[in-house]
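Residues in the sequence shown are numbered from 115 upward in steps of one, following my numbering.
By construction, the Cβ of each residue, glycine as well, lies at the ideal position given by its N, Cα and C atoms.
Heads up, the thing below is written out as C-alpha cells.
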Amino acid sequence: MDKKPYLNLILTVTVILLITFVTTMINQVAQLVNMTSKLHPYFGIFVLVIFTALGLVALISITLILIKLDKPLVMPDESNKEEYKKYIKYSNQELFLII
C-alpha cells in the first residue's frame with residue numbers, strides 16, 4: 115500500500131491547522147493592542163513591540179532548532195558488516211538520547 119496519499123493528507127491538514135493557529139494568534143494580539151491603546155497610546159505601542167519581539171524570538175529559535183537537527187540515518191547494506199555495526203551503535207545512542 116502506498117503511503118504517499120496519507121502523508122500528503124497529513125501535511126495538508128497540518129498546514130491548514132498551522133495557518134489557522136497563526137491567524138488566531140494575530141487576531142488576539144491585534145485585539146489586545148487595540149484594548150491597551152485605548153488605555154494609553156504608548157502602552158499599546160509597548161504591547162505591540164513586546165509581542166512582535168516574542169514572535170520573532172519564537173520564529174528564530176524554531177528555525178535554529180530545525181537547522182541544527184541531525185540528518186536521518188541511512189541504513190547500510192548488511193553485507194558491509196563494519197558500516198552496519200556503526201549504524202547500530204549510532205542508532206542505539208540516538209534512541210537512548212530520546213529516552
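In this model, T138 and D184 are separated by some 32 Å (Cα to Cα). Apart from the 5 residues on each side of it in sequence, T150 sits with its Cβ closer than 7 Å to the Cβ of F157, G158 and V161 in its chain, given in chain order. Rounded to whole angstroms, N206 and L173 show a C-alpha spacing of 32 Å. Taking a C-beta distance under 8 Å as the contact criterion, P190 and Y198 qualify as a contact pair. Counting of Cβ neighbours within 10 angstroms places V147 among the buried residues, the total reaching 16 or more.
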